[in-house]
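Chains as they are written, first to last, in the working numbering: chain P, 7 to 117; chain U, 84 to 196.
We put the beta carbon where it would ideally sit given N, CA and C, even for glycine.
Notes to accompany the following structure.
Shown next as structure tokens:
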């Protein structure tokens with residue numbers, strides 16, 4: 007089945023640094039979603055992307071839908087302690103009524 | 084802000100017992116889902132439900148699993164005879180008219196002993 011590969015798997019950064027993570031697929035997605043999950047909680051939707059090339063921001067977060075429709079990246083600027091968590095990319099395979107998730111990028115911030 | 088709510092937050096059950104996980108999706112949403120997440124792993128799709136029937140299910144969703152929307156607000160997942168490997172976080176989600184942006188509940192942690 008379709009898989010989403012996220013990199014890096016984990017990141018250790020200093021507070022205030024910018025963060026970049028990405029997600030790739032072997033097949034085309036028409037929608038890319040980015041979620042954040044805190045420990046013991048459900049995934050929270052951060053950004054939704056619907057068009058190839060689209061660049062969308064949500065506060066300090068910026069995400070882009072790759073031109074090939076096979077990748078997306080998420081940037082976080084000026085990281086703060088509450089940015090700690092696991093970030094997942096997700097998307098619906100064409101014609102499917104479900105989301106496929108990447109394996110996540112775990113973000114740790116040193117104060 | 085509307086949200087998906089799940090009960091209970093934690094359920095411990097004996098192997099072989101039946102469990103029912105409950106969810107109240109966002110009220111005007113049309114698509115309903117169950118996902119699960121084994122500790123430390125990614126979120127996996129189980130089943131989607133639209134127009135009072137299953138629209139898609141994964142290989143994980145075998146005959147031991149069933150879903151129901153017994154009334155206009157609740158959406159349930161039943162596991163008939165739990166196995167140790169069913170231990171996981173189970174998330175309910177719902178999405179609106181286009182079925183893409185899914186909003187997740189807080190999850191039910193199921194522990195099978």
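So, is the C-beta of residue 69/P closer than 8 Å to a C-beta in chain U? Within the first chain, the letter at position 63 stands for residue 69/P. Not one chain U Cβ lies under 8 Å of residue 69/P.
Counting pairs of Cβ atoms below 8 Å between the region 95-109 of chain U and the region 180-195 of chain U, do you hit three or more? Short answer: they touch.
Measuring only between beta-carbons, confirm whether residue 51/P sits less than 8 Å from chain U. As a working mapping, residue 51/P is identified with position 45 in the first chain. For residue 51/P, at least one C-beta of chain U is nearer than 8 Å to its own C-beta.
In the DSSP output, which residue or residues are listed as bridge partners for residue 67/P? Working through the first chain from its first residue, we reach residue 67/P at position 61. Residue pairing by DSSP places residue 67/P opposite 64/P and 82/P in a beta bridge.
Are residue 148/U and residue 167/U touching if we call contact CB-CB under 8 Å? As a working mapping, residue 148/U is identified with position 65 in the second chain. As a working mapping, residue 167/U is identified with position 84 in the second chain. In this structure, residue 167/U does not lie closer than 8 Å to residue 148/U by Cβ.
With DSSP as the reference, please indicate the residues paired to residue 159/U in a beta bridge. Counting from 1 along the second chain, the entry for residue 159/U is found at position 76. Paired residues: 105/U and 151/U.
Going by alpha carbons, who is nearest to residue 140/U out of 134/U, 181/U, 128/U and 151/U? In the second chain, counting from the first residue as 1, residue 140/U sits at position 57. Taking each of 134/U, 181/U, 128/U and 151/U in turn and checking the Cα distance to residue 140/U, the smallest one comes out for 128/U.
Chain P contact residues for residue 126/U, given Cβ-Cβ distances below 7 Å: Position 43 of the second chain, counted from the start, is the residue given in the question as residue 126/U. Within chain P, the residues 49, 94 and 107 have their CB atoms less than 7 Å from the CB of residue 126/U, given in chain order.
Taking 7 Å as the cut-off, is the C-beta of residue 134/U nearer than that to any heavy atom in the ligand NAP? In the structure shown, the ligand NAP is absent, as is every other ligand, since no ligand is present at all.
Whose C-alpha, out of 16/P, 46/P and 102/P, is nearest the C-alpha of residue 34/P? For the purposes of this step, residue 34/P is taken as residue 28 along the first chain, with counting starting at 1. For residue 34/P, the nearest C-alpha among the options comes from 102/P.
Anyone know if the C-beta pair for residue 37/P and residue 56/P falls short of 8 Å? Here residue 37/P refers to the residue found at position 31 when the first chain is read from its first residue. Here residue 56/P refers to the residue found at position 50 when the first chain is read from its first residue. Cβ atoms of residue 37/P and residue 56/P: closer than 8 Å.
Among 117/P, 115/P and 106/P, which residue has its Cα nearest to the Cα of residue 125/U? Here the question's residue 125/U lines up with position 42 in the second chain. Residue 125/U has its Cα closest to that of 106/P, out of 117/P, 115/P and 106/P.
Coarse secondary structure for residue 177/U, derived from DSSP in three states: Position 94 of the second chain holds residue 177/U. It is a strand residue.
Below-8 Å beta-carbon distance, residue 97/U vs any chain P residue: As a first step, residue 97/U is located in the second chain; it is residue number 14 there, counting from the start. No, residue 97/U lies away from the interface with chain P (no Cβ there is under 8 Å from its Cβ).
Contact set between residue 110/P and chain U, taken where Cβ atoms lie within less than 8 Å: For the purposes of this step, residue 110/P is taken as the residue at position 104 of the first chain. Close partners of residue 110/P in chain U (Cβ separation under 8 Å): 125.
Would you call the CB atoms of residue 24/P and residue 83/P closer than 8 Å? Counting from one through the first chain, the residue named residue 24/P turns up at place 18. Counting from one through the first chain, the residue named residue 83/P turns up at place 77. Cβ atoms of residue 24/P and residue 83/P: closer than 8 Å.
Mind listing the chain U neighbours of residue 57/P? Cutoff is C-beta to C-beta under 8 Å, in chain order. Translated into positions along the first chain, residue 57/P becomes position 51. In chain U, no part has a C-beta under 8 Å from the C-beta of residue 57/P; the shortest such distance is about 13 Å.
Nearest by alpha-carbon distance to residue 174/U: which of 192/U, 102/U, 153/U and 135/U is it? As a first step, residue 174/U must be located in the second chain, where it is residue number 91. Checked all of 192/U, 102/U, 153/U and 135/U; the closest Cα to residue 174/U is 192/U.
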